[in-house]
Every structure is written in C-alpha cells, then in structure tokens.
Amino acid sequence: MNCDALLKGTQVDGVYTADPKIDANATRYDEVGYQELLAKDLRVMDPSAVSLMRDNNIPIVVFSLKEEGSLLKVLHGKGTSTTINNHGA
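Counted from 1, the sequence shown has number 75 at position 16 by the working numbering; the numbering is strictly sequential.
Set out below in structure tokens:
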C-alpha cells in the first residue's frame, strides 16, 4: 500500500470508550493503539481491516462526516478526530 493514512468518516467525531449515543460517560480518544482498539473491541471498523492497517503501519484517522468542513480540517491536521496507530495514547 502506498498511502500516508486511511481516513474514516463516521457519525461521531472519533473513537470512544463506548458508544456515545448510548453511554453519556463515553470519552473520546485523541489517539489509540491498534492493539488496544482490538483488545477492547472498540467497533470502529472490521478487525481484519484494522489489522491490515497495523501490519502496514498505516494510521487510521476517524472523524465525523456530520460536521461541516470536517474532512478539510482533518486534511490540515485540525478539527476533532482520533488517530489509530502503533504508538497509541
């Protein structure tokens, strides 16, 4: 794969400790490791897709599609998002 990152637009602005639509105490990660994501079964995307990104050392940036201009903000390193990578929090 020849890419710098995988951008994943979702209904929420990143990866949370639990579903924020159900759990008011859910908190958003700024950064989380692939292993923690998989171990805690944080359902962002298919585990095999996460593993593929991990094996190729490609970060995943999760952001909200609902916010106006969110993709442009993410592309400029701004806005609210979670980065999933080998470094973790």
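Quick reminder that beta carbons are idealized off the backbone N, C-alpha and C, glycines included.
Can you give the beta carbon distance from residue i to residue j, rounded, assuming they're within the 8 Å contact cut?
i: Asn144; j: Pro118; result: 4 Å
i: Leu96; j: Val74; result: 7 Å
i: Asn129; j: Gly138; result: The amino acid at residue 129 is misidentified as Asn; the sequence shows Ser. Ser129 to Gly138, Cβ: 6 Å. Contact.
From the DSSP output, which residues share a beta bridge with residue i?
i: Gly68; result: Phe122
i: Ser140; result: Phe122
i: Glu149; result: Past the edges of the chain, shown from 60 to 148, lies residue 149, and the structure says nothing about it.
Less than 9 Å separating the beta-carbons of residue i and residue j?
i: Thr69; j: Val103; result: yes
i: Leu66; j: Phe122; result: yes
i: Met112; j: Tyr88; result: no
i: Glu126; j: Asp72; result: yes
Report all residues from its chain with a CB closer than 8 Å to the CB of residue i; omit the five preceding and five following residues, and keep chain order.
i: Val133; result: Leu66, Val120, Phe122, Ser140
Tell me which same chain residues have a C-beta within less than 6 Å of the C-beta of residue i, skipping the five on either side of it?
i: Leu101; result: Val74
i: Asn115; result: Met60
i: Thr86; result: Thr76
i: Leu124; result: Gly68
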